[in-house]
Structures are given as structure tokens and as C-alpha cells.
Amino acid sequence: MNKELSKIFKYLLFIVTIPVPLVLLVSFIIFCYESRENTQLISHAYLNNLEAILDDIYATNDKILISDGRCDTFKKKILFDGFQREFIIIKNDKVLCSTINDIDESIVIELVPKNYKNHNVVEYKNSNNKKVLGFVSSSVDGLFSVISVVNANYLKMILGSYSDDRIESIAISSSNKTIHIFGPKTMWEEVSLASKYMLSSKNRWEEVSVPSKRYNFVLTLYVGEAYFHNLYIRCLLFSLIITLLLSFFYIMMKYLFPSRSDLLKDLNKAIDQKELYLVYHSLASSKDGYIIGYESLIRWMHPKLGVIRPDHFIPVAEKYGLINKITNYVFELAYKEWLTIDRDISAGFLLGINIPPDYLLDESCIAVIKEYAKKFAELNIGLVLEMTENQTICSEKMKALNKLIDEKIMVAIDDFGTGQTSLSMLQNSRFDFLKIDKVFVDAIESEYMNTHVLDSIIQLSHDLGVIVVAEGVETKKQYEYLQSKGVEVQQGYYLSMPQEIYDIYPQSNVA
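So for the sequence shown, full-length UniProt numbering puts the first residue at 1; every next one is plus one.
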């Protein structure tokens, strides 16, 4: 038990870990894409905020430029307008008015551009040696200039970057000059070697620049190392979740739809461990509805997958040479089960067992048929070999089949009309039953009730002198139509469902 659990655990671990290299690659690709997209979104959001702030600052500057020129009027106006609390007015290269004490006039004069620029950004240190930003507006004639002074930390707070741990630094570039609103000028000097590799400066992921369409500057954001680490972790976690889901999906698909190699291995084991079992589908007389026999149908109760349908495992058995072994298993199991029937079985009762045409090429299999035909006869059961049409019945198989017919073993052609049975075979062989496939029976319930082919098959069977068995009868209308056309035996869910041996009642009425 412990070994089995250990084996399962190792298998699950293998399934989960196999995609890890692919997960890491996908994570990195997603990370690259997300980092580019996100940093562009962040930078445009900051640009929009900054442009809104500049709109307010320059609007106030313009009001000052067109005011009456009195300093006290300027000071009063500035207290109630916008973000500015400090300003300097310059006229003819002289400071006319200022809300700032102890300013170095020569430095301030140098801040005003010599050639006319209505809006400009400058940087200098005040008397407290703190960096401040000046936003310059000049009159058209160049005589007046207004410098609105904003503390860099105050601007940082207005932009919202105080609480934004994604941003390490913001810079404004204008007229070949870069002004850092806050943060170090080279934020990447202290970044780890791994991060430098991951955030290669070659692709410039560390800084994102967006030009302003309304003002003459370019905004540059330096996105912090922590942001990329967090983003990569999120991408990695997302990829790992997807991996687990895919692994789970793979395991479920493997569980629900095993591969042919797995199915073959399990099928070999199923035969040895008696996991295959039989159900019996009744054959009822159209005349009075009484059961005249049963067809044995094999089923597989898989210990993990539950019931597996024959159309899933029979093709595997045929392809890999297990079909004869399974057919022998059916003969043996059917006989053992019918031995347990404690009710009397009248003479003429039938039991159909499906055999593949290749079964007739093996002398040992022919011997099995003869053996169980005698054993069933002792139970008043007539053995009927049901030949499926999925393989061509060659002359050698036909010869073996005719020998069995000579020994009074009955033969039925199963699923007639959908396989490879030729009309010449019908003419040259001596079979006892012809079973019409459900496809033709369904035509009775069709909109136009196109039963010409069905009627022809019934008539052909009567002309050949064989008993007609209609398969797949599911409604009263079908039953009565087939009865009216002289079909001797009917089989289908309308009459009964397939049952296990302990539920069947030979020769009871089911119609």
C-alpha cells in the first residue's frame, strides 16, 4: 500500500514539475509584456496629472502678468489661486516683486530665458539649500516674467508619488536640460546584479519617457526595482496556478480517457483479475412478446474509471491481439453463469455470443466453440454465434463457419447493413438469423418514415429463409410496425434493458 502511494505521489510530482521550465519562460514573457504595458499606463497617468497642475500654475501666472502691477495685489491673488504660494516677478532684468525673502537676484535673473518662451521650467536651490522648481511665464514683449515657485516635495505630494512605491524618480526634460522633480539622478547605481540582468538597460525598462503634447517637455519616470520584483512574482504565481490547473486537467483527462497503451495494460490485468462481466439483452418474439433468448454483452468495471463501454476497449483488444482471449473468457463466464439458473429452460432457448471473424482462423478457438455448444445444449440452450460485420469474412473463414453450421451451431449476422457483409456472402452462406441494425429501425420514427431500405432488408431475409431480428427497438410504434412486417424477433430498450444474470427470467413476457 505504501509503495503504491509512493508511486502515485512520484507520478503526480513528475506531472507537476515537468512544465516548470516552460512556466518560467512563460512567466518571463508575461512579465516583459506586463512591465512594458504597465509602465506606459503609469507614465501617461503621471503626465496627465502633471499637465493638469501646469494648467493651473500657468493660468495663475497669466493672471499676474495682466494685473495692475502692484506687488500687494499679486501677493493677495496668489494666496487664493492654485498650487503656488510663492512667486517672483521680474521686469527689465530686475526683481520687481517677490514673496520670497533673501533671494539672490543674480541667480533668479539667470533663470529667465533670454529668448522669448511663454512657458518654461527651471530648477534652483532656495536660501535653505532646498531644491525648488520654478515655472516661468513671460509677456509677449519680454519685459515681464513671472516665476511661480513650487517645492519639489509639495509637487511630489500633489502628483501622488509620495504613496506610490513603484516610482523612484521623476524628471522633466526641456531645452536639452533634465530637471529631477525628486529622487536621485541615477537610481540604478545601487540595483542588484540580478535585477540589472532582468531589467536590462539595453531595453530601457528602468525608465519610461513620454512627451507632453501641450507643453515643451518630456516626462521621464524611473520605475523602482521593487515594482518589477513584485510584478515578476505575480506573473510567476499566475503561471504556476495555470500550470497546476493544466496538470490537474491532464491528470483528469488521463484518468477519464486513458491512452491506448494504458488501456491495453489495464485490459490484460482486467482479464486476469475478472474485472470483465456480462449483461444479457433479451430477444423477444414479435408474436407474443415472450423471451426466446438473450444476447450476451461484455462490460468492463475498471477499478478507477468505473464502467468502460465495449466500443472503447474492444477496438484495442482487436488491434493488439486480445480479442480471442476475451471471447474465450466470455464463453467460459457465460456458461458458469447459466449453470446458476435454477429455473427450467425449455428447448429452443437461444444464447447469442459475439465472435470476431478472425476467431474462426484459430483451431483452438474452433474447439472452444464446439466445446461450449455441447455444454449449453445440455442446459437446453442453443448457442448462436453472432458475427459482426466490421471485418471481411474471407473464404477461409467462411469455410470454417460452414463446418460449424454443419454441426448444428447457429449463426447470426449482426448489425446488418452497416458493415462489410456482401450480398454474395448472404447468398453463399447458411446463416440462421439476420440482425437489422438500429439505424434502419430508427427510420420508422423519422419525419418522412423512409422505411424502404428496412422493408427491403426484411423482404430479402424472408426470401433467404432466415429469421429476422430487429435491433434497437425503443418505441411502441417501432415494435408494432416491425410486427406488422413479419419480423420474428425484436430486441431493444422498449422491451427490456440489459440485465445481469441474477435479474433475468427466461421465457417471461416483456412486450
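Glycine included, C-beta positions come from ideal geometry on N, C-alpha and C.
Separation of the CB atoms of L245 and S43 is rounded to 34 Å, and the pair is thereby denied contact status at 8 Å. In this structure, DSSP gives D414 an extended state, which the three-state scheme calls strand. Of the residues G492, W338 and I381, the one whose Cα lies closest to the Cα of D503 is W338.
The C-alpha of I323 lies about 23 Å from the C-alpha of L350. With fewer than 16 other beta carbons inside 10 angstroms of its own, A52 counts as exposed. One Cα belongs to G224, the other to F31, and the distance between them is close to 15 Å.
Annotation: N380 is outside any alpha helix (DSSP H) and is labelled neither H nor E by DSSP. One thing to note: L276 has its Cβ within 8 Å of the Cβ of W300. By alpha-carbon distance to L434, the top candidate from D442, M410, I172 and N450 is M410. Assigned with DSSP and collapsed to three states, R36 falls in helix. With respect to the 8 Å criterion, Q491 and V469 are classified as neighbours on the basis of their beta carbons. Annotation: F249 to L240 spans about 14 Å, alpha carbon to alpha carbon. Counted as a single uninterrupted DSSP element, the stretch harbouring L495 is not any alpha helix (DSSP H), since DSSP gives it neither H nor E. Per DSSP, H312 has no beta bridge partner at all. Counted as a single uninterrupted DSSP element, the alpha helix (DSSP H) harbouring A334 occupies residues I323 to L339. When only Cα atoms are considered, L267 and I314 end up about 10 Å apart. Ranked by Cα distance from V316, the options E86, L264, T99 and A367 are led by L264. In the three-state reduction of the DSSP assignment, A347 falls in the coil class, being assigned neither a helical nor a strand state. Taken atom to atom, the span from the alpha-carbon of S137 to that of N61 is near 6 Å. Annotated three-state conformation of C394 is coil, per DSSP. In its chain, beyond the 5 residues on either side, I88, I89, I103, E105, V108 and I109 have a beta carbon closer than 8 Å to the beta carbon of V95. Distance from the CA of M497 to the CA of S282, rounded to the nearest whole angstrom, comes to 8 Å. Looking at the DSSP output, A470 sits in a beta bridge with I436 and Q490.
For N354, the three-state secondary structure derived from DSSP is strand. In the structure shown, T388 falls within a coil segment according to DSSP collapsed to helix, strand and coil. The alpha-carbon of A45 is positioned some 28 Å away from that of K63. Membership of I66 in any beta strand (DSSP E) is not indicated, and neither H nor E is assigned to it by DSSP. Listed in chain order, the non-local C-beta contacts of V121 below 8 Å within the same chain comprise L133, G134, F135, V136, I172, S174, I179 and F217, local neighbours out to five positions each way being set aside. Each residue's CA atom was taken as its position, placing R343 and Y505 some 8 Å apart. Rounded to whole angstroms, the Cβ separation of L360 and I353 is 13 Å, and the two are not in contact under 8 Å.
Taken through DSSP and simplified to helix, strand or coil, N216 comes out as coil.
By the criterion of a C-beta distance shorter than 7 Å, T475 is surrounded in its chain by E445 and Y494, once the five residues flanking it on both sides are discounted. Distance between Y320 and I326, taken at the CA atoms: about 12 Å. Residues V122, Y124, G134, V136 and I147 of the same chain have their beta carbon placed closer than 8 Å to that of L111, with the five preceding and five following residues left out of the count. The alpha carbon of L454 has as its nearest neighbour, out of L482, F431 and D432, the alpha carbon of L482.
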